[in-house]
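Residue numbers (the numbering used here), protein chains in the order written: chain A, 790 to 1048; chain B, 790 to 1048.
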């Protein structure tokens, strides 16, 4: 499994993904489960994928083939806006579905893929999309601060509690790392190293694209401190003293089965 | 959906379940999604269910019918130990499956049910089981502190961080409530009121069985304080100052697509 999260903020975008699968390929412009497509000063697009790796990789390959073929048709590097870019990703998914879905079904393998596409094309604000296996998609509205794909539930509560559109890129990065830490601790299928991509609004280039592994001092510090802080906060919560130490049955006896 | 969690500690058991479904019935010995079967001084068993409510309710009804029929066959009130009790629950699930599964399949409804059974029968220590839809089950070993069914992922990280077998019943109750709070905040299908059951080791009766709703002062306090403490702990984590404020591309330019 995978965990990817992308946040859309007033000041830009933050993308974080894990890389537990060892099927990572070193193709051009693929950085594990995160791919960056950019033309500095003109556009920057980031694509994250979760689900069947063969499917999400095939989608990436189809999109890159389109760019390489230069046959005049729109690609992620030429489309006029992010909505058209999301359509191209959805279409690529449908192409892979047409080619592979029947064979997968014969082996009882679900056509399982979820993608996140975010970025900015000159003339537009940054935009963020969540693309489903059927190739349809939703876009983040002002009320939506983030999308997740993969093992998303463990790391969701902390994002819900602290992130707003007005959060800074630093806060969002910190929160994404805490969210990832909670996921890694509770689910063995999600693991280091992490891929972090930061896009600043109107810079139209990747501000930061880095790999975070167990030697990363900042992430190590965050993990330890967060763990300590949570335990301390938990300890400081008032105990349920009302439980008392003696038996106390507070429901009518008639609701119990007795023999 | 539902969220149920049960914890097995050195000093007893803690059970907490939500009750968002409005299909709750007021049958004898059913307290929403949690059922208590007890013979004070001799045995106390607690059953929690998640999944298709018609299935988990049917399982409860089958088990109660067995008790009422007094036909000499083992029931939850007469079986010699908790292992046999778990088998009885598994068998009841299989009976419901035999009766209903084909009809459900015709309506494309999955036979979806997960149960937790915990408690103590005189002569044994407290034991805890997680029972699958197929009627098979696993038992908590000394390394296992808890089982969850239903929407379990949101509330798992905090339990993993703070609960051990040696935790007190009060700590476990507090943790179960915090875990439930995280789940309720992130998943609309889980909601108040909650059913809390506490079983103290060797008391062989329910120590506490109560309903917690939005008016419960302790739970309200826990929710507010935990939320504040988390936000404060998050704020106090060091920001990723290394992100800087200017663009910094730290991966080889060759890994980007450029046109």
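Backbone N, C-alpha and C fix where the C-beta goes; we use that ideal spot for every residue, glycine too.
Query, Result
"Start and end residues, beta strand (DSSP E) containing residue 838/A", "832-840"
"Nearest-angstrom Cβ-Cβ length linking residue 884/B and residue 851/B, presumed shorter than 8 Å", "6 Å"
"C-alpha distance - residue 895/B paired with residue 798/B, whole-angstrom precision", "43 Å"
"Beta-carbon proximity of residue 844/B to residue 880/B, cut-off 8 Å", "no"
"Cutoff 8 Å: residue 914/B Cβ touching any chain A Cβ", "no"
"Residue 1033/B burial status per 10 Å Cβ neighbour count (16 or more: buried)", "exposed"
"Ranges of the beta strand (DSSP E) found wholly within the region 832-911 of chain A, counting only runs of at least 3", "832-840, 902-910"
"Residue 826/A vs residue 866/A beta-carbon contact at 8 Å", "yes"
"Close-in-space but distant-in-sequence residues of the same chain around residue 939/A (CB under 6 Å, 5 per side omitted)", "790, 791, 792, 793, 839"
"Chain B contact for residue 793/A (CB, 8 Å cutoff)", "no"
"Interface residues of the region 949-983 of chain B facing chain A [CB-CB below 9 Å]", "949, 950, 951, 957, 958, 959, 960, 962, 963, 964, 966, 967, 970, 971, 972, 974, 975, 976"
"is_contact[residue 935/A, chain D] using C-beta, thresh 8 Å", "Structure shown: chain D not included; protein chains present are A and B."
"Residue 818/B - DSSP class collapsed to helix/strand/coil", "Confidence at residue 818/B is low in this model, with a pLDDT of 39, below 50, so its placement is unreliable and the value that follows should be read with caution. Residue 818/B falls in the coil class under three-state DSSP."
"Cut-off 6 Å between Cβ atoms - residues of its own chain near residue 1012/A, not counting five sequence neighbours on either side", "970"
"Spatial distance of residue 994/B from residue 908/B (CA atoms)", "9 Å"
"Interface flag, residue 1007/B vs chain A, CB-CB below 8 Å", "yes"
"Selection from 986/A, 878/A, 828/A that minimises the alpha carbon distance to residue 821/A", "986/A"
"Classification of residue 930/B by the beta-carbon crowding that lies within 10 angstroms, buried from 16 upward", "exposed"
"Neighbourhood of residue 937/B by C-beta distance below 6 Å, restricted to the same chain and skipping five residues each side", "794"
"Identified DSSP bridge partners for residue 928/B", "918/B"
"Spatial distance of residue 871/A from residue 951/A (CA atoms)", "27 Å"
"Residue 939/A - containing beta strand (DSSP E), residue span", "935-939"
"Chain A contact residues for residue 1028/B, given Cβ-Cβ distances below 9 Å", "957, 959, 960, 962, 963"
"From 989/B, 999/B, 1018/B, 877/B, residue whose alpha carbon lies closest to that of residue 981/B", "999/B"
"Top-ranked residue by Cα proximity to residue 898/A, from 832/A, 842/A, 963/A", "842/A"
"Residue 952/A (DSSP reduced to helix, strand or coil)", "coil"
"Residue 920/B versus 882/B, 849/B, 935/B, residue with shortest Cα-Cα distance", "882/B"
"Residue-chain proximity (residue 943/B, chain A), Cβ-Cβ < 8 Å", "yes"
"Among 966/A, 1028/A, 955/A, the one whose alpha carbon lies nearest that of residue 1015/A", "966/A"
"Ordered list of beta strand (DSSP E) runs contained in the region 961-1029 of chain A, each at least 3 residues", "983-989, 995-1001"
"Proximity to residue 779/A [Cα-Cα], best of 800/A, 902/A, 877/A", "This structure cannot settle anything about residue 779/A, because the visible part of chain A is limited to 790 through 1048."
"Euclidean distance between Cα positions of residue 1003/A and residue 1009/A", "7 Å"
"Distance, residue 864/B Cα to residue 858/B Cα", "10 Å"
"Cβ pair residue 878/B, residue 904/B closer than 8 Å", "yes"
"Reference residue 990/A, options 828/A, 910/A, 837/A, closest by Cα", "910/A"
"Residue(s) in a DSSP beta bridge with residue 792/A", "939/A"
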